[in-house]
Amino acid sequence: MAIERTLSIIKPDAVAKNVIGQIYARFEAAGLKIAAARMIHLSRAEAEQFYGVHKERPFFKDLVDFMISGPVMVQVLEGENAILKNRELMGATDPKKAASGTIRADFADSIDANAVHGSDAGETAQVEISFFFPGLNIYAR
Ligand code: RTP
Ligand code: MG
Numbered sequence: 001m002a003i004e005r006t007l008s009i010i011k012p013d014a015v016a017k018n019v020i021g022q023i024y025a026r027f028e029a030a031g032l033k034i035a036a037a038r039m040i041h042l043s044r045a046e047a048e049q050f051y052g053v054h055k056e057r058p059f060f061k062d063l064v065d066f067m068i069s070g071p072v073m074v075q076v077l078e079g080e081n082a083i084l085k086n087r088e089l090m091g092a093t094d095p096k097k098a099a100s101g102t103i104r105a106d107f108a109d110s111i112d113a114n115a116v117h118g119s120d121a122g123e124t125a126q127v128e129i130s131f132f133f134p135g136l137n138i139y140a141r
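Numbering (UniProt numbering), first residue to last: 1 to 141.
Structure, rendered in structure tokens:
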């Protein structure tokens with residue numbers, strides 16, 4: 001199985017709830033390594049660029065407002081099938097529809113304040129990792 005890297009964000013709601021460690025523990029228990037990490041408070045321009053694929057969607061402004069409402073914790077996760085594995089750990093976008101035991105079921109409040117972001121495919125993972133970690137040194141372990 002392929003070793004992949006994916007971009008994960010712990011969103012402002014979950015950072016404010018002080019559950020970064022609990023979410024990291026879930027990544028680690030699933031065999032995903034934290035390969036790089038940084039805390040950042042996104043500017044509006046950065047959030048609009050990051051979520052640019054959604055710019056025509058009705059929820060775009062709410063999404064950007066939310067993503068800049070406080071600091072976020074951004075990490076590269078590495079492991080077998082990391083992209084899909086992280087999406088499974090996250091659960092459905094709407095926490096009301098997320099399977100029990102998923103991060104969103106346990107920590108998210110609403111479809112806007114939904115605790116985590118995860119890249120949805122290989123190509124987006126590369127773009128998103130470069131966005132937050134340009135010229136990154138990711139250390140082999
Ligand atoms: P993410 O990109 O944050 O990992 O979430 P996702 O793939 O599960 O969902 P996506 O369709 O990419 O949407 C990005 C974020 O926009 C907000 N959203 N709101 N009100 C709505 O109908 C709606 N739909 C999406 C969510 O916060 C979602 O995480
Ligand atoms: Mg998405």
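Even glycine gets a Cβ: it sits at the ideal position worked out from N, Cα and C. Since we're looking at a predicted model, the values are computed, not measured.
Per DSSP, the unbroken beta strand (DSSP E) holding Lys33 starts and ends at 33-40. Taking C-beta separations shorter than 8 angstroms and ignoring five residues to either side along the sequence, the partners of Asn114 in its chain run Lys11, Asp13, Thr93, Asp94, Pro95, Arg104, Ala108, following chain order. Distances taken from the Cβ of Asp62 to the heavy atoms of the ligand MG include none shorter than 6 angstroms. The residues Val74, in chain order, have a CB closer than 6 angstroms to that of Arg38 in the same chain once the five nearest residues on each side in sequence are set aside. DSSP places Thr6 within a strand segment (E or B) once states are collapsed to three. In chain order, Val64, Met67, Ile68 place their CB closer than 6 angstroms to the CB of Ala47, counting only its own chain and leaving out the 5 sequence neighbours on each side. A straight line joining the alpha-carbon of Pro134 with that of Ile40 spans about 14 angstroms. Non-local C-beta neighbours of Ala25 in its own chain, meaning closer than 6 angstroms and more than five positions away in sequence, are absent.
Judged by the Cβ position, Asp106 fails to qualify as a neighbour of the ligand MG at the 6 angstroms threshold, every heavy atom of the ligand being at least this far. For Asp120, the shortest C-beta to heavy atom distance toward the ligand MG is below 6 angstroms. The alpha-carbon separation between Ala121 and Gly70 amounts to approximately 26 angstroms. Cβ-Cβ distances below 8 angstroms link Gln49 to Phe131 in the same chain, with the five nearest sequence neighbours on each side left out; the list follows chain order. Judged by DSSP in its simplified three-state form, Gly21 adopts helix.
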